[in-house]
Amino acid sequence: MNNFEIRVLLRHYWKKGLSARAAAAKICEVEGEGTIGKTAAIKWFKRFEDGDLDFENKPRSGRPSILDEEDLRAALEDEPSSNTRDLADKLVVAQQTVVNYLHKFDFVYKKPRQDPYELTEAQAIRRVEVCRQLLDNPLNDRFWKRIVTCDEKWVFLVNRNRSRCWVPRD
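Terminal number for the sequence shown in the UniProt record's numbering: 170, no gaps in between.
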């Protein structure tokens, strides 16, 4: 039973002259325990007595909990590395609302994957030259003897300052 139907029943019992507690007890007797509490019934009876016969909730103050999903997706496309606080400020909603929607979209906040970068022929030749220079160094230190070289065609770019970003879960 939804809230609208419960409120219609409350108004019916209010018009019949029943008390709020008795109306709540009758509704719970028919629909099941915990359908409506006595305090909620008292609140609705007071609204009916004040002349407010509308069954809808009154607007409340505070930030809206509703967020336009397209706005959030567009904000993520513009700046995927932005955190939830920045997104909440930009979209004028609560931070937890942004977090809830991102989890609803099945997004996770993680560092991007490191992809290998292809070396050009000139870069590979330059690396070989540098390695030869280091090995030919007159300093006969154990450090230089431990260097292992090979002819790899790609290399990982180590960027420790990578920022996290919101990405879909794999």
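Yeah, the Cβ is synthetic: ideal placement off N, Cα and C, and Gly gets one too.
Within 9 Å, strictly: CB atoms of residue i and residue j
i, j, result
"ARG73", "TYR109", "no"
"TRP166", "SER82", "yes"
"ARG127", "LEU135", "no"
"THR84", "LEU102", "yes"
"ALA75", "LEU91", "yes"
"ASP106", "PRO59", "no"
"ASN3", "PHE48", "no"
"ASP86", "GLU77", "no"
"MET1", "GLU31", "yes"
Beta-bridge partners of residue i, as assigned by DSSP
i, result
"PRO168", "PHE107"
Nonlocal neighbours in the same chain, by C-beta distance under 6 Å from residue i, ignoring five residues either side
i, result
"ALA20", "ALA41, ILE42 and PHE45"
"LYS38", "ARG21 and ALA24"
Under the three-state DSSP convention, the category residue i falls into
i, result
"GLU79", "coil"
"ARG85", "helix"
"LYS58", "coil"
"THR39", "helix"
"ILE27", "helix"
"LEU135", "helix"
"LEU91", "helix"
"ASP52", "coil"
"LEU102", "helix"
"LEU9", "helix"
"LEU18", "coil"
"GLU33", "coil"
"residue 179", "Outside the shown range of the chain, which is 1 to 170, sits residue 179, and nothing can be said about it."
"ILE125", "helix"
"ASN2", "coil"
Proximal residues to residue i (C-beta, below 8 Å), its chain only, five neighbours per side dropped
i, result
"residue 180", "Look at the range of the chain in this structure, 1 to 170, and you will see that residue 180 is not part of it."
"ASP50", "none"
"LYS104", "none"
"LEU18", "LYS26"
Proximal residues to residue i (C-beta, below 7 Å), its chain only, five neighbours per side dropped
i, result
"VAL99", "THR84"
"LYS16", "none"
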